[in-house]
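Q:
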Amino acid sequence: MIDYHCHILPGLDDGCRDIAEAVEMAILLVDAGFTCVHCTPHCITGLFDYPNELIKNAVQDLQDVLNDAGIPLQLKVGMER
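Under our numbering, think of the first position of the sequence shown as 2, with each following residue one higher.
Encoded structure:
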């Protein structure tokens with residue numbers, strides 16, 4: 002199953018506060034049957050100004066943590082405008 006809208010990236014917008022909460026969310030998603038998640042932080046000019054590279058790096062950093070922990074969840078880069 003694929004989640005196309007998820008605020009799992011830690012420290013961005015109103016999503017997960019930190020990496021521990023993001024890992025906890027990832028585990029819940031896997032337990033619910035999800036195998037892929039599109040990470041979609043808010044990108045709103047003047048409120049949440051995130052460069053594309055910052056989002057890409059945040060996704061890769063979290064993916065590395067999940068891989069190291071053996072959590073089988075594939076993350077995709079996205080954003081909510």
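C-beta: ideal position from N, C-alpha, C; glycine also.
1) Let me check one thing: in DSSP terms, what residues is Pro77 bridge-paired to?
2) If I follow the unbroken alpha helix (DSSP H) through Asp32, where does it start and stop?
3) DSSP three-state label for Asp62, please.
4) So what does DSSP say about Ile56, is it helix, strand or coil?
5) Could you say which of Lys77, Ala70, Asp50, Cys44 lies nearest to Lys57 if we only look at CA atoms?
A: Put simply:
1) In the sequence as presented, Pro is not what sits at residue 77; that position holds Lys. Lys77 is bridged to His39.
2) DSSP places Asp32 in the uninterrupted alpha helix (DSSP H) bounded by 20–32.
3) Helix.
4) Ile56 falls in the helix class under three-state DSSP.
5) Cα-wise, what sits closest to Lys57 is Lys77.
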